[in-house]
Structures are given as C-alpha cells and as structure tokens.
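Asker: Numbering (the UniProt record's numbering), first residue to last: 1 to 109.
All C-beta atoms, glycine included, are put in the ideal place defined by N, C-alpha and C.
Input: one structure, supplied below.
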C-alpha cells in the first residue's frame, strides 16, 4: 500500500524552526526523508525526527548568516511576523514578498 504524505507548508511560505532561532522560505519539499544517513545520524538521538514525514528545503537565515536548511515538518511552525526574509538567493526563485509569502518566479530553459 502506498501512503501519500501531505505537506503542511507550501513553496514560498515563510516558516521558522520550532526549537532553533532561524526562519526561512520553503523552496522544495520531500514527501519523506531523503538526505544522507550521515546527516541523519549527526542529529542527537533524542532530537531525531521520524523519517516518515515531509522534509523541507529552506532558504534560511539567522542573526549571523544565510544558508540552506533541511528540516522535518514536526520542527517547523508558520512564521506569522509578516517580515520578509533577506536570504540573497531568494530572487533566483521567487518574486517580491507579498501577503506573507513569496510567489514562485523562475525561468525554465
């Protein structure tokens, strides 16, 4: 039997991490974990999320830097500050921040 995972968050949505001080914009979603075992094993065992849930690729920022984050659905919450994210790669994928999210805007060759 095939199980269909439904992603709670959508492309262009601003979210923040439930436990760590960063926020970001969703730019891709995996229906279930599809990173490396090394990456997964580096997470402390008591904090490891289940692999059987959506995982999100984020253009993330904190007070010190910009980066790409890979986060389980259980560790995300919507960011309702209404503030834009300043990640320098946002313009490559999305249009201008409006109504709390970024509209997809990319060119296919």
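Would you say residue 49 and residue 31 are within 7 Å of each other, going by their C-beta atoms?
Answerer: Going by C-beta atoms, residue 49 is not nearer than 7 Å to residue 31.
Asker: Could you check if residue 74 is buried or exposed, using at least 16 other CB atoms within 10 Å of its CB as the buried criterion?
Answerer: By the 10 Å Cβ count, residue 74 comes out exposed.
Asker: Measure the beta-carbon distance from residue 17 to residue 71 and round it to whole angstroms, keeping in mind my assumption that it falls under 8 Å.
Answerer: Indeed they touch by this definition, with Cβ atoms about 6 Å apart.
Asker: Taking the alpha carbon of residue 66 as the reference point, which residue from 12, 7, 25 has its own alpha carbon closest?
Answerer: Considering only alpha carbons, the answer is 25.
Asker: I'd like to check one pair, residue 15 with residue 76: are the Cβ atoms closer than 7 Å?
Answerer: Contact: yes.
Asker: By alpha-carbon positions, which one of 79, 88, 92 ends up nearest to residue 99?
Answerer: Looking at the Cα atoms, 79 is the closest of the given residues.
Asker: Rounding to the nearest angstrom, what Cα-Cα distance links residue 63 and residue 92 in this structure?
Answerer: Those two C-alpha atoms are separated by around 22 Å.
Asker: State the Cα-Cα distance for the pair residue 47 and residue 33, rounded to the nearest angstrom.
Answerer: Their Cα atoms are separated by approximately 15 Å.
Asker: Would you call the CB atoms of residue 13 and residue 87 closer than 7 Å?
Answerer: Taking 7 Å as the Cβ cut-off, residue 13 and residue 87 do not qualify as a contacting pair.
Asker: Suppose you measure from the CA of residue 68 to the CA of residue 23; what does that come to, to the nearest Å?
Answerer: Taking the straight line joining both Cα atoms gives about 11 Å.
Asker: For the beta strand (DSSP E) containing residue 59, name the first residue and the last one.
Answerer: Segment 55 to 61, the beta strand (DSSP E) holding residue 59.
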